[in-house]
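K.L.:
Just passing along the structure, written as structure tokens.
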Amino acid sequence: MRALADRVGVTPPAVVYHFRNRDRILLAALGALQRRIAVAYDAIGVALSSAGDGGFGAEAVFSAALVDVLARTGRAFAASDEIARTLAISEESAGADAVFRLMSGEAQAFWAGLPCDGNVLDAEARMLCGVVAAGVVPFAMLDGVAVRRNAQIIQLMSRLVRRLTGQCVDLMGDWTPLALLEDEQRPDGKQQIVEATIRLSGRLGIAGLTHRNIAAEAGLSAAATTYFYPTKEDIVRDAARAVQVRAVNDVLVGDVPPPQFLSRIILDENCDERNDIAALTAFMNAATHFGEFDYLAETFRNLRGLAAVSWLHARGYVEVDRLDGIIWSAATTILTQRALRMPRAARAEYLDTTSDVWLRRIFDRNRAVQI
1 MRALADRVGV TPPAVVYHFR NRDRILLAAL GALQRRIAVA YDAIGVALSS AGDGGFGAEA
61 VFSAALVDVL ARTGRAFAAS DEIARTLAIS EESAGADAVF RLMSGEAQAF WAGLPCDGNV
121 LDAEARMLCG VVAAGVVPFA MLDGVAVRRN AQIIQLMSRL VRRLTGQCVD LMGDWTPLAL
181 LEDEQRPDGK QQIVEATIRL SGRLGIAGLT HRNIAAEAGL SAAATTYFYP TKEDIVRDAA
241 RAVQVRAVND VLVGDVPPPQ FLSRIILDEN CDERNDIAAL TAFMNAATHF GEFDYLAETF
301 RNLRGLAAVS WLHARGYVEV DRLDGIIWSA ATTILTQRAL RMPRAARAEY LDTTSDVWLR
361 RIFDRNRAVQ I
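Just so you know, UniProt numbering puts 339 at position 339 of the sequence shown, and the rest follows in order with no gaps.
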């Protein structure tokens with residue numbers, strides 16, 4: 001709160017007077033992000049609707065809308081996810097959940113309401129275009145080069161529309177720019193701190209990490225934690241490196257077929273999000289915001305879709321490539337967000353039933369050829 005007061009040029013007591021504590025500030029910030037994104041949705045919808053002739057195809061409309069959403073409010077999505085994670089176990093969790101549900105509903109309405117040629121895509125296909133577009137946002141924001149990011153978006157949406165309409169798809173060749181990485185050898189105390197940081201990041205987000213809660217999670221004193229890592233940023237950098245190594249090596253070395261059911265990949269035994277997946281999301285958000293994590297952003301960009309390709313292969317879809325993997329990763333990103341806002345008892349069935357419907361709708365209609 002002191003840092004915020006310094007940033008806006010007021011005294012810390014003034015911040016306390018208006019918000020009382022950090023969590024209330026974060027909830028207000030989440031609400032502001034929701035309104036900013038909603039304004040962008042309205043402006044984009046009006047601009048596309050005013051064209052008048054209705055001559056835009058689905059591929060053009062969804063690509064253009066996604067490009068504009070990212071240009072206007074791209075970082076707001078990562079920030080809102082980070083804040084929501086931080087508030088999820090706070091006294092403001094109910095308020096944060098309400099805002100996030102509102103954001104989800106507004107996103108669904110925006111993508112479903114985009115004007116495009118209705119003769120090409122049926123209602124279910126339009127819905128899936130919106131799902132994938134929304135799910136692509138966190139991945140696309142990892143690339144700070146707008147022209148490259150936009151080209152990727154157009155390529156992805158073009159592939160998705162071809163899949164949904166049963167057109168022939170030309171598969172891309174093998175794409176393997178990654179090599180195995182080796183993590184550094186750390187003393188036991190440092191390794192405990194790194195592991196604790198990774199676990200906590202999935203539950204709290206990077207913003208929720210402190211020396212005190214990391215020390216408690218690691219079973220160490222705050223003094224010992226400070227001895228190994230003088231600042232929180234030092235801890236996060238080391239943990240980010242460990243996350244990077246594991247993410248790459250799990251994809252490149254993994255020779256065990258992935259579980260057939262999506263719920264077994266996403267959920268733990270308590271039907272909560274698996275901590276390793278939550279941690280990856282938290283560090284992906286950090287890579288979007290902080291320039292010092294450029295190397296991590298590049299790693300996540302290169303990895304995106306590869307694990308999904310392995311899962312699609314295991315489900316019998318062998319004529320797929322990394323573009324299809326990114327499409328499926330984007331779809332499951334939104335599917336997971338929706339599932340985690342359901343009662344625990346309903347999450348696994350929803351994930352498995354809905355993913356099966358979406359999977360068949362996207363990939364069962366067409367054939368593919370290798371080029």
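Even for Gly, the Cβ is constructed at its ideal location relative to N, Cα and C.
Quick check: the Cα distance between ILE265 and ALA307, rounded to an integer number of angstroms?
P.N.:
In the sequence shown, the residue the question calls residue 265 occupies position 265. In the sequence shown, the residue the question calls residue 307 occupies position 307. Taking the straight line joining both Cα atoms gives about 11 Å.
K.L.:
Between ALA196, GLU349 and ALA133, which lies nearest to GLY74 when the distance is taken from Cα to Cα?
P.N.:
Residue 74 sits at position 74 when you count from the first residue of the sequence shown. Minimum Cα distance to GLY74 is reached at ALA133.
K.L.:
I'd like to confirm the pairing. Which residues does DSSP put opposite LEU267 in its beta bridges?
P.N.:
As a first step, residue 267 is located in the sequence shown; it is residue number 267 there, counting from the start. LEU267 is bridged to GLU273.
K.L.:
Tell me which same chain residues have a C-beta within less than 6 Å of the C-beta of residue 376, skipping the five on either side of it?
P.N.:
Outside the shown range of the chain (1 to 371) lies residue 376, about which nothing can therefore be said.
K.L.:
Name the two residues that bound the continuous alpha helix (DSSP H) containing TYR295.
P.N.:
Walking along the sequence shown from the start, residue 295 turns up at place 295. Unbroken alpha helix (DSSP H) run through TYR295: 294-303.
K.L.:
Just the Cα atoms here: how many angstroms apart are ILE327 and GLY305?
P.N.:
As a first step, residue 327 must be located in the sequence shown, where it is residue number 327. As a first step, residue 305 must be located in the sequence shown, where it is residue number 305. Roughly 8 Å separates the two Cα atoms.
K.L.:
With distances taken from CA atoms, which of VAL61, GLU124, GLU92 and ALA64 is nearest ILE25?
P.N.:
Sequence index remark: in the sequence shown, residue 25 carries index 25 (1-based). When each option's Cα is compared against that of ILE25, the closest is GLU92.
K.L.:
Could you tell me if PRO138 is buried or exposed, where buried requires 16 or more neighbouring beta carbons within 10 angstroms of its beta carbon?
P.N.:
Here residue 138 refers to the residue found at position 138 when the sequence shown is read from its first residue. The residue in question, PRO138, is buried, as its Cβ has 16 or more Cβ neighbours within 10 Å.
K.L.:
For LEU42, count the other beta carbons within 10 Å of its own beta carbon; 16 or more makes it buried, fewer makes it exposed. Which is it?
P.N.:
Position 42 of the sequence shown, counted from the start, is the residue given in the question as residue 42. The question names Leu, yet the displayed sequence has Asp at residue 42. Burial call: exposed.
K.L.:
Helix, strand or coil: how does DSSP classify CYS129 here?
P.N.:
Position 129 of the sequence shown holds residue 129. If DSSP states are grouped into helix, strand and coil, CYS129 belongs with the helices.
K.L.:
Under 8 Å: do the region 146-162 and the region 183-198 share three or more Cβ pairs, one atom per stretch?
P.N.:
no
K.L.:
Determine the extent of the alpha helix (DSSP H) in which MET157 is found, giving its start and end residues.
P.N.:
By one-based count along the sequence shown, residue 157 stands at place 157. From DSSP, the alpha helix (DSSP H) with MET157 extends over 146-164.
K.L.:
Going by CA-CA distance only, name the one from ILE154, GLN192 and SER63 that's closest to PRO115.
P.N.:
As a working mapping, residue 115 is identified with position 115 in the sequence shown. The shortest Cα separation from PRO115 among ILE154, GLN192 and SER63 belongs to SER63.
K.L.:
Could you pull out every residue in the same chain whose Cβ sits closer than 7 Å to the Cβ of ARG101, ignoring the five residues on either side in sequence?
P.N.:
Taking the first residue of the sequence shown as 1, we reach residue 101 at position 101. Correct list, in chain order: ARG341.
K.L.:
Considering only residues of the same chain and omitting the five flanking positions on each side of ASP143, which have a CB-CB separation below 8 Å?
P.N.:
Taking the first residue of the sequence shown as position 1, residue 143 is located at position 143. Non-local C-beta neighbours of ASP143 in its own chain, meaning closer than 8 Å and more than five positions away in sequence, comprise ARG149, GLN152, ALA297 and ARG301, ordered along the chain.
K.L.:
Counting Cβ pairs, one atom from each stretch, are 3 or more of them under 8 Å apart for the region 122-129 and the region 268-288?
P.N.:
no
K.L.:
Is the beta carbon of ILE89 less than 9 Å from the beta carbon of ARG199?
P.N.:
If you number the sequence shown from 1, residue 89 lands on position 89. If you number the sequence shown from 1, residue 199 lands on position 199. The Cβ-Cβ distance between ILE89 and ARG199 does not fall below 9 Å.
K.L.:
Please check the pair SER337 and SER104, which I expect to be a contact at CB under 8 Å, by giving their CB distance rounded to whole angstroms.
P.N.:
Counting from 1 along the sequence shown, the entry for residue 337 is found at position 337. Counting from 1 along the sequence shown, the entry for residue 104 is found at position 104. Looking at the sequence provided, one finds Gln at residue 337 rather than Ser. Contact flag correct, Cβ pair sits at about 7 Å.
K.L.:
Between which two residues does the alpha helix (DSSP H) carrying THR197 extend?
P.N.:
To locate residue 197, count along the sequence shown from 1; it is residue 197. Going by DSSP, THR197 is part of the alpha helix (DSSP H) stretching over 188-204.
K.L.:
Assuming ALA140 and LEU70 form a contact by the criterion Cβ under 8 Å, report the distance between their Cβ atoms to the nearest whole angstrom.
P.N.:
On the sequence shown, position 140 is the one that residue 140 refers to. On the sequence shown, position 70 is the one that residue 70 refers to. Going by Cβ atoms, the distance from ALA140 to LEU70 rounds to 6 Å, so yes, they are a contact pair.
K.L.:
Measure the Cβ-Cβ separation of LEU181 and ASN249 and say whether it is below 9 Å.
P.N.:
For this step, residue 181 is matched to residue 181 along the sequence shown. For this step, residue 249 is matched to residue 249 along the sequence shown. It is a contact, given that the beta carbons lie within the stated cut-off.
K.L.:
Would ALA76 and LEU33 qualify as a contact pair, given that the criterion is a beta-carbon distance under 9 Å?
P.N.:
The residue you call residue 76 lines up with position 76 of the sequence shown. The residue you call residue 33 lines up with position 33 of the sequence shown. Contact flag set, yes.
K.L.:
Please state if the CB of ALA331 and the CB of SER355 are separated by a distance shorter than 9 Å.
P.N.:
Translated into positions along the sequence shown, residue 355 becomes position 355. Translated into positions along the sequence shown, residue 331 becomes position 331. Yes, the Cβ-Cβ distance between SER355 and ALA331 is below 9 Å.
K.L.:
Closer than 8 Å by C-beta to residue 372: which residues in its own chain qualify, once you throw out the five before and the five after it? Chain order, please.
P.N.:
The question about residue 372 has no answer, for the chain in this structure spans 1 to 371.
K.L.:
Using DSSP with H/G/I as helix, E/B as strand and the rest coil, what is THR226?
P.N.:
Numbered from 1 along the sequence shown, position 226 holds the residue referred to as residue 226. It is helical.
K.L.:
At 3 residues or longer, and completely inside the region 311-344: list those beta strand (DSSP E) runs for me, N to C.
P.N.:
none
K.L.:
Shortest alpha-carbon distance to VAL318 belongs to which of LEU252, PHE110, ALA218 and PHE363?
P.N.:
Within the sequence shown, the letter at position 318 stands for residue 318. Per the Cα distances, PHE363.
K.L.:
Name the residue from ASP352, LEU267 and ALA65 whose alpha carbon lies nearest to the alpha carbon of ALA107.
P.N.:
The residue given as residue 107 occupies position 107 in the sequence shown. ALA107 has its Cα closest to that of ALA65, out of ASP352, LEU267 and ALA65.
K.L.:
Less than 8 Å between C-beta atoms, sequence neighbours within five positions excluded: which residues of the same chain meet that for GLY31?
P.N.:
As a working note, residue 31 is residue 31 in the sequence shown. The answer, listed in chain order, is VAL99.
K.L.:
Three-state secondary structure (DSSP) at LEU114?
P.N.:
Taking the first residue of the sequence shown as position 1, residue 114 is located at position 114. LEU114 falls in the coil class under three-state DSSP.
K.L.:
If we ignore side chains and look at the alpha-carbon of each, how far apart do ARG72 and ALA40 end up?
P.N.:
Within the sequence shown, residue 72 is the residue found at index 72, counting from 1. Within the sequence shown, residue 40 is the residue found at index 40, counting from 1. Between ARG72 and ALA40, the C-alpha separation is close to 7 Å.
K.L.:
Alpha carbons only, please: which of ASP324, ILE37, VAL61 and VAL236 is nearest the one belonging to PHE293?
P.N.:
For the purposes of this step, residue 293 is identified with residue 293 of the sequence shown, where counting begins at 1. Of the listed residues, the one whose Cα sits closest to PHE293 is VAL236.
K.L.:
Quick check: what's the CA-CA separation for PHE110 versus SER263?
P.N.:
One-based indexing of the sequence shown puts residue 110 at position 110. One-based indexing of the sequence shown puts residue 263 at position 263. Distance between the alpha carbons of PHE110 and SER263: 28 Å.
K.L.:
How would you label GLN167, buried or exposed, when you count the other beta carbons within 10 angstroms and need 16 or more for buried?
P.N.:
Taking the sequence shown and counting its residues from 1, the one referred to as residue 167 is at position 167. GLN167 comes out exposed.
K.L.:
Quick one: residues in its chain with C-beta nearer than 7 Å to the C-beta of residue 386, no 5 flanking neighbours on either side, listed in chain order?
P.N.:
This structure gives no information on residue 386, because the portion of the chain shown stretches from 1 to 371.
K.L.:
Between which two residues does the alpha helix (DSSP H) containing THR86 stretch?
P.N.:
As a first step, residue 86 is located in the sequence shown; it is residue number 86 there, counting from the start. Its alpha helix (DSSP H) spans residues 58-87.
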